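Enquirer: Those letters in the sequence shown? Residues 87 to 579, by the working numbering.
Dropping a structure here in structure tokens format, bear with me for questions.
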Amino acid sequence: MDIEQFRRAGYQAIDHICDYYYSLRNMAVAPQVEPGYIRRALPSAAPHTGEAFEKIVQDYHKLIVPGLMHWQHPRFFAYFPTASTFEAILGDLYANGIGPNPGFNWSASPACTELEAVVMDWAAEMLGLDSTFHNASGIGGGVLQTSASDSSLVATVAARSRFIRQHPNVPAEKLVLYTTTQTHSLGKKAGLVLGLNVRALAVTAEDSYALRGATLKRALEEDAKAGMHPFMLIATVGTTSSGAIDRLEELGDIFVAVPSLWLHVDAAWAGVSMACPEYRDLCLLDDINKYADSVCTNFHKWGLVTFDCSTLWVRERKNLTDALDITPEFLRSTHGDAGTVIDYRNWHLGLGRRFRALKLWFVLRSYGVRGFQRYIRQTVQRSDTFVSLIKQSAHFRLITPPCLSLSVFRLEPPARSFDQGQLNALNRAFYACLSARQDVAFTQTDLNGTICIRCAVGAERTEEADILQAYEVLCEEANKTLDAWDKMERREK
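Dropping the structure here:
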């Protein structure tokens, strides 16, 4: 493909993307394909001779699009809030258009490093993070990672390295990483990758699934008696299952008393809401600023940026570079040796890195803080509408207090008598009916043995009519599920 062929194909690609978004509302949300459908449709090996690009594009529409889950669909309420924007898409296009630009140090491409350092400070300022987390402080700073899992893994590496420097005689097998029973799987994965003991601290429905200070204190005492050495807690602001927010205000005094314990705050989906001042108390921003050693949130979730764009801030950047700085001769540079620039390869696990800062820069400039806040508030308003419908319903009951744009509920008709096992079976059947629908997407979860359904509002194009339609689907499938349950009970009698 020469330059002019690329120009024509590029124009066509933009046209196809625009047509996709024009037609998105009328498309099915979920794909209806069977496992292995692409393998059956494609040859067993790559073609020996090149094919016309027009045919490749045709096969994209024929084979790929039918197998996509449309995360930007206005009736996509699964997993977590998500919203891509045209600004972010164009940012990725420009970044990819300049070819391989790995940005492993300042000298490799100064603009990549300098823009990232600036936009991370812009984002920190917008979210209200303390100035110690800003790159401009020269002490802490922010770096873009691929996902919250990577952010947490990097923070865990730094925390472990700091603890080992402070306690060189502690055997590695005695180290313990704390999570909770509602922490995202990233905690267990970090332990798996690093060969660490992981202890999940129990949380309860009575505490809205938030970790309490007394639970952490008791665990520290138990592990000290057992000869173990906890070095880190991954706390959560907005758990995946229910939106629970760990009680950082209670945990903080413990971290002050045990300074070798690292506090990482995973605010993967909920953190961007701190752009709105009215949500900062809910997200415990003051406690994050006071106690956290590191904090992350994903702009590719609720932050209007295409995947991937996870923002990680650390209070002391030296903890990252002490753990991760490896500089062979071919990566040395005058500015790097002088310490006058950031070499971001020492702030994450890989060497090369994508130019993610460009799309975040495009979005923040195009929307501005006010536009960003307007989107967050609109999303929460749509979720509030859904919550009000659930509260008024004779079919459903909220399981946890709603958190920002996430609500958790289950089918629980008050006029019927079900035990816990029956309710779980009923809701599994209900979710099976929902997941078979193409016009809406939800996800289920298990909260300490309670099977329930999650509704995460976040698509930029979701309107109130989409919320009402989704609720109608819930009622329709609830009635079908209850009718099937009644028939089953009559057969058993």
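Cβ coordinates follow ideal geometry from the N, Cα and C atoms, glycine included.
Keep in mind the model is a prediction, meaning the values are calculated, not measured.
1) Taking 8 Å as the cut-off, decide whether the C-beta atoms of glycine 329 and threonine 529 are in contact.
2) Using the C-alpha atoms, what's the distance from serine 469 back to glycine 153?
3) List the whole-angstrom C-beta distance separating valine 351 from valine 323, where the pair is believed to meet the contact cut-off of C-beta under 8 Å.
4) Can you say whether methionine 206 is buried or exposed, counting buried as having 16 or more other CB atoms within 10 angstroms of its CB?
5) Quick check on phenylalanine 482: does DSSP put it in helix, strand or coil?
6) Would you list the residues sitting across from asparagine 384 in a DSSP beta bridge?
7) Applying the 10 Å Cβ sphere with the 16-neighbour rule, what's the burial state of cysteine 538?
8) Out of Val494, Asn405, Val391 and Gly96, which one is the CA nearest neighbour of leucine 444?
9) I need the DSSP call for arginine 366, collapsed to helix, strand or coil.
10) Alpha carbon to alpha carbon, how far is leucine 509 from alanine 291?
11) Assign phenylalanine 317 to one of three DSSP states: helix, strand, or coil.
12) What first and last residue would you give for the alpha helix (DSSP H) that runs through tryptophan 208?
13) To the nearest angstrom, how far is the alpha carbon of arginine 418 from that of threonine 465?
14) How do the region 372-384 and the region 512-521 stand: do at least 3 beta-carbon pairs fall below 8 Å, yes or no?
15) Please confirm if the region 556-575 is in contact with the region 395-410, defined as three or more CB-CB distances below 8 Å between the two stretches.
16) Cα-Cα, which of Pro121, Arg125 and Tyr146 is closest to isoleucine 103?
17) Just to confirm, is the Cβ distance from phenylalanine 163 to cysteine 489 under 8 Å?
18) Once DSSP output is grouped into helix, strand and coil, what is the label at tyrosine 165?
19) Please identify the residue among Tyr430, Leu398 and Thr397 whose C-alpha is closest to the C-alpha of threonine 413.
20) Using the beta-carbon count (16 or more within 10 Å), is leucine 278 buried or exposed?
21) Quick check on DSSP: helix, strand or coil for glutamine 231?
22) Let me make sure I understand the geometry here. Which of Tyr295, Ala312, Pro257 and Trp433 has the alpha-carbon closest to that of alanine 244?
23) Which partner residues does cysteine 489 have in the DSSP bridge list?
24) Tell me which same chain residues have a C-beta within less than 6 Å of the C-beta of alanine 276, skipping the five on either side of it?
25) Considering only C-alpha positions, which residue in the set Ala138, Lys260, Asp309 and Thr471 is nearest to glutamine 555?
26) Would you say glycine 273 and isoleucine 320 are within 8 Å of each other, going by their C-beta atoms?
27) Alpha carbon to alpha carbon, what distance is there between alanine 288 and tyrosine 295?
28) Who are tyrosine 264's beta bridge partners in DSSP?
29) Within the continuous alpha helix (DSSP H) that includes arginine 502, where are the two ends?
30) Are the Cβ atoms of tryptophan 399 and glycine 227 separated by less than 8 Å?
31) Can you tell me whether DSSP reads isoleucine 150 as helix, strand or coil?
32) From which residue to which residue does the alpha helix (DSSP H) around alanine 598 run?
33) Are the beta-carbon atoms belonging to leucine 213 and glycine 357 less than 8 Å from one another?
34) Contact between the region 191-204 and the region 333-341 is defined here as three or more beta-carbon pairs at a separation below 8 Å; is this criterion met?
35) How far does the beta strand (DSSP E) with arginine 540 in it reach, from first residue to last?
36) Distance check for threonine 397 and proline 363, CA to CA, integer angstroms please.
Expert: If we stick to the structure as given:
1) As a working note, residue 329 is residue 243 in the sequence shown. As a working note, residue 529 is residue 443 in the sequence shown. No, Cβ-Cβ distance for glycine 329 and threonine 529 is not below 8 Å.
2) Here the question's residue 153 lines up with position 67 in the sequence shown. Here the question's residue 469 lines up with position 383 in the sequence shown. Rounded to the nearest angstrom, the two C-alpha atoms are 28 Å apart.
3) Along the sequence shown, one-based indexing puts residue 351 at 265. Along the sequence shown, one-based indexing puts residue 323 at 237. About 6 Å separates the CB atoms of valine 351 and valine 323; that is less than 8 Å, so the two are in contact.
4) Locating residue 206 in the sequence shown gives position 120, where the first residue counts as 1. Buried, because 16 or more other Cβ atoms sit within 10 Å of the Cβ of methionine 206.
5) Counting from 1 along the sequence shown, the entry for residue 482 is found at position 396. Strand, per DSSP.
6) Looking up residue 384 in the sequence shown gives position 298. Asparagine 384 pairs with Ser396.
7) Taking the first residue of the sequence shown as position 1, residue 538 is located at position 452. Buried.
8) Counted from its first residue, the sequence shown places residue 444 at position 358. Answer by Cα proximity: Val391.
9) Counting from one through the sequence shown, the residue named residue 366 turns up at place 280. If DSSP states are grouped into helix, strand and coil, arginine 366 belongs with coil.
10) Here the question's residue 509 lines up with position 423 in the sequence shown. Here the question's residue 291 lines up with position 205 in the sequence shown. Their Cα atoms are separated by approximately 17 Å.
11) The residue labelled residue 317 in the question sits at position 231 within the sequence shown. Strand at phenylalanine 317.
12) Start at 1 with the first residue of the sequence shown, and residue 208 comes out as number 122. For tryptophan 208, the enclosing alpha helix (DSSP H) covers residues 196-213.
13) Walking along the sequence shown from the start, residue 418 turns up at place 332. Walking along the sequence shown from the start, residue 465 turns up at place 379. The straight-line gap from Cα to Cα measures roughly 47 Å.
14) no
15) The region 556-575 is not in contact with the region 395-410.
16) In the sequence shown, the residue the question calls residue 103 occupies position 17. Cα-wise, what sits closest to isoleucine 103 is Tyr146.
17) Your numbering for residue 163 matches position 77 in the sequence shown. Your numbering for residue 489 matches position 403 in the sequence shown. No, they are not a contact pair.
18) In the sequence shown, counting from the first residue as 1, residue 165 sits at position 79. Tyrosine 165: coil per DSSP, three-state reduction.
19) The residue labelled residue 413 in the question sits at position 327 within the sequence shown. Residue Tyr430 is the option with its Cα nearest to threonine 413.
20) Translated into positions along the sequence shown, residue 278 becomes position 192. Classification of leucine 278: exposed, given that the 10 Å Cβ count is below 16.
21) Translated into the one-based positions of the sequence shown, residue 231 becomes position 145. Strand.
22) Taking the first residue of the sequence shown as position 1, residue 244 is located at position 158. Looking at the Cα atoms, Trp433 is the closest of the given residues.
23) Your numbering for residue 489 matches position 403 in the sequence shown. BP columns for cysteine 489 point to Leu492.
24) Here residue 276 refers to the residue found at position 190 when the sequence shown is read from its first residue. The residues are Ser238, Leu239 and Thr242.
25) As a working mapping, residue 555 is identified with position 469 in the sequence shown. Distance from the Cα of glutamine 555 is smallest, within the candidate group Ala138, Lys260, Asp309 and Thr471, for Thr471.
26) Taking the sequence shown and counting its residues from 1, the one referred to as residue 273 is at position 187. Taking the sequence shown and counting its residues from 1, the one referred to as residue 320 is at position 234. Yes. Within cutoff.
27) Residue 295 sits at position 209 when you count from the first residue of the sequence shown. Residue 288 sits at position 202 when you count from the first residue of the sequence shown. Distance between the alpha carbons of tyrosine 295 and alanine 288: 9 Å.
28) Looking up residue 264 in the sequence shown gives position 178. Paired residues: Arg285 and Leu319.
29) Looking up residue 502 in the sequence shown gives position 416. Neither: arginine 502 is in no alpha helix (DSSP H) and is coded neither H nor E.
30) Mapped onto the sequence shown, residue 399 falls at position 313. Mapped onto the sequence shown, residue 227 falls at position 141. Cβ distance < 8 Å, so tryptophan 399 and glycine 227 count as in contact.
31) As a working mapping, residue 150 is identified with position 64 in the sequence shown. Isoleucine 150 falls in the helix class under three-state DSSP.
32) In this structure the chain extends from 87 to 579, so residue 598 is not present and cannot be described.
33) Numbered from its first residue, the sequence shown carries residue 213 at position 127. Numbered from its first residue, the sequence shown carries residue 357 at position 271. The answer is yes: Cβ separation under 8 Å.
34) The region 191-204 is not in contact with the region 333-341.
35) Working through the sequence shown from its first residue, we reach residue 540 at position 454. Note, arginine 540: beta strand (DSSP E), 536-542.
36) For the purposes of this step, residue 363 is identified with residue 277 of the sequence shown, where counting begins at 1. For the purposes of this step, residue 397 is identified with residue 311 of the sequence shown, where counting begins at 1. Going from the Cα of proline 363 to the Cα of threonine 397 covers about 19 Å.
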